[in-house]
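Colleague: Residue numbers (this note's numbering): 3 to 442. One structure coming up, written as structure tokens, with questions to follow.
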């Protein structure tokens, strides 16, 4: 049901409007949160509000997020904040008497409680001189902090910043989002850490839906929003293909009609380009659901699984690999079909799928929808090492969904850099990539 709300399925049903859909979505979010876990995107507003309140309450304090939230983890079960002040005892007393955190308990220098939405909070109070050491200790996971500390011979008791700790360990500074285990330690030792991608590196957006299938806005509205509000150079339209009857998937006739509309808009829109794409369903046998003479009419194709999600790993993997081997497939969409906190997704052999993408020059999507964030960041490095490009795709069904912010955060967590991100290419560059793919 939550997925249906997110994909605008309910507003198609009789008696349902946008407002009703939003109310149902909020009710489900509340139920999802009751298990103590929250999507990163669900809590950013409350997290920032709490940090601002602490900074207002303790004007000269140092305050920063730590833990899973600072590492940009996709699911958060506790919000950790390190607070450095001159008088630790006074800080604990003041905080314990305030109302900003509910159901407070004090354990040493930890003040724990929860926010109104049920999110657990742990505020760690330290004297200012120990702030950066505590921030370092509380940010990386245990394996990471141990790997760094093992390389230090001196005592780093009161560092002036976190960079000093990494310098003492003979390492380049490792950004918080990369502090999972020892994955980036060797790169930091060799001074070869990636320059992580930023939101400003993105030049366009691929994989988006319009009123032609299950979107809320027209192609023109989506394009104008990308050009004028987001200052992007191009939009890739990828409405659903004909098998997705539940999402008004496009018949061959409607594909041709939409492409006519896009041709017309491209003549009319100044300084912007719309690419003709499709989100083509990967059928049970791994084939795409249009004949070749239609597939070749698209500028690019996102191939995605939407049906029969309960295949075993071998069958699901073989199905996807066959789709990847289709010469018309440009991008593999949301590889596991997962919906965070509500649907696990189908099992696949990630290595085999990534290897197939490498062999067939297929890009893998990082779906920027905060419900998906699929491909999982834990596989980004393997893909990059194999030479596979990634693409931060919003899978937007309305103009508001075109923001790729959360996809960029999780791409950074996976270590993506702009030189390996498809939609960090300029319009001229990506046109050439699509042309090369079609000519091979």
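For each residue, glycine too, the CB sits at the ideal point set by N, CA and C.
(1) Just to confirm, are residue 244 and residue 291 a CB contact at a threshold of 7 Å?
(2) Distance, Cα to Cα, residue 274 vs residue 232?
(3) Excluding sequence positions up to five away, which residues of its chain have a Cβ less than 8 Å from the Cβ of residue 83?
(4) Who are the Cβ neighbours of residue 206 in its own chain at under 6 Å, not counting the five residues just before and after it?
(5) Would you call residue 44 buried or exposed, if buried means 16 or more other Cβ atoms sit within 10 Å of its Cβ?
(6) Put residue 213 into one of helix, strand or coil per three-state DSSP.
(7) Roughly how many angstroms separate the alpha carbons of residue 411 and residue 74, rounded to a whole number?
(8) Within the same chain, show all residues whose beta-carbon is closer than 7 Å to that of residue 403, passing over the 5 residues directly before and after it, in chain order.
(9) How many Å lie between residue 50 and residue 40 at the Cα?
(10) Let's see if you can read the secondary structure: which residues bound the alpha helix (DSSP H) around residue 70?
(11) Is the beta carbon of residue 196 sitting closer than 7 Å to the one on residue 141?
(12) Less than 6 Å between the CB of residue 365 and some heavy atom of the ligand PLP, yes or no?
(13) Report buried or exposed for residue 121, applying the criterion of at least 16 other Cβ atoms within 10 angstroms of its Cβ.
(14) Based on the DSSP secondary-structure assignment, which residues constitute the bridge partners of residue 345?
(15) In this structure, does DSSP put residue 59 in helix, strand or coil?
(16) By DSSP, does residue 309 sit in helix, in strand, or in coil?
(17) Tell me the residue span of the beta strand (DSSP E) that contains residue 125.
(18) Between the alpha carbons of residue 280 and residue 368, how many angstroms are there, rounded?
(19) Give the C-beta separation of residue 390 and residue 356 to the nearest angstrom, bearing in mind that I take them to be a contact with Cβ-Cβ under 8 Å.
(20) Let me know the secondary structure DSSP gives residue 423 once reduced to three states.
(21) Cα-Cα, which of 346, 165, 201, 393 is closest to residue 190?
(22) Give every residue of the same chain whose Cβ lies closer than 8 Å to the Cβ of residue 98, excluding the five residues on either side of it in the sequence, and list them in chain order.
(23) Would the beta-carbon of residue 167 fall within 7 Å of that of residue 133?
Modeller: Quick look at the numbers:
(1) For residue 244 and residue 291, yes; Cβs fall inside 7 Å.
(2) Taking the straight line joining both Cα atoms gives about 12 Å.
(3) Only 52, 53, 56, 65, 66, 67, 68, 123, 124, 125, 126 meet the Cβ criterion.
(4) Counting only Cβ-Cβ distances below 6 Å, and skipping sequence neighbours, we find 234, 235, 236, 425.
(5) Per the 10 Å Cβ criterion, buried.
(6) Residue 213 falls in the coil class under three-state DSSP.
(7) So the alpha carbons of these two residues sit roughly 7 Å apart.
(8) Apart from the 5 residues on each side of it in sequence, residue 403 sits with its Cβ closer than 7 Å to the Cβ of 396 in its chain, given in chain order.
(9) Take the alpha-carbon of residue 50 and the one of residue 40: they are about 15 Å apart.
(10) Per DSSP, residue 70 belongs to the alpha helix (DSSP H) from 69 to 72.
(11) The answer is no: Cβ separation not under 7 Å.
(12) Of the ligands one can find in the structure shown there are none, so the ligand PLP has no counterpart to examine.
(13) Looking at its Cβ environment, which holds 16 or more other Cβ atoms inside 10 Å, residue 121 is buried.
(14) Per DSSP, 341.
(15) If DSSP states are grouped into helix, strand and coil, residue 59 belongs with the helices.
(16) The three-state secondary structure of residue 309, taken from DSSP, is coil.
(17) For residue 125, the enclosing beta strand (DSSP E) starts and ends at 122 to 129.
(18) Looking at the backbone, the Cα of residue 280 and that of residue 368 are separated by about 17 Å.
(19) Indeed, because the Cβ distance is near 6 Å, the residues count as touching under 8 Å.
(20) Secondary structure at residue 423: strand, using DSSP grouped into helix, strand and coil.
(21) From the listed residues 346, 165, 201, 393, the smallest Cα separation to residue 190 is found for 165.
(22) Contacts found: 106, 108, 113.
(23) Taking the C-beta atoms as reference points, residue 133 is found no nearer than 7 Å to residue 167.
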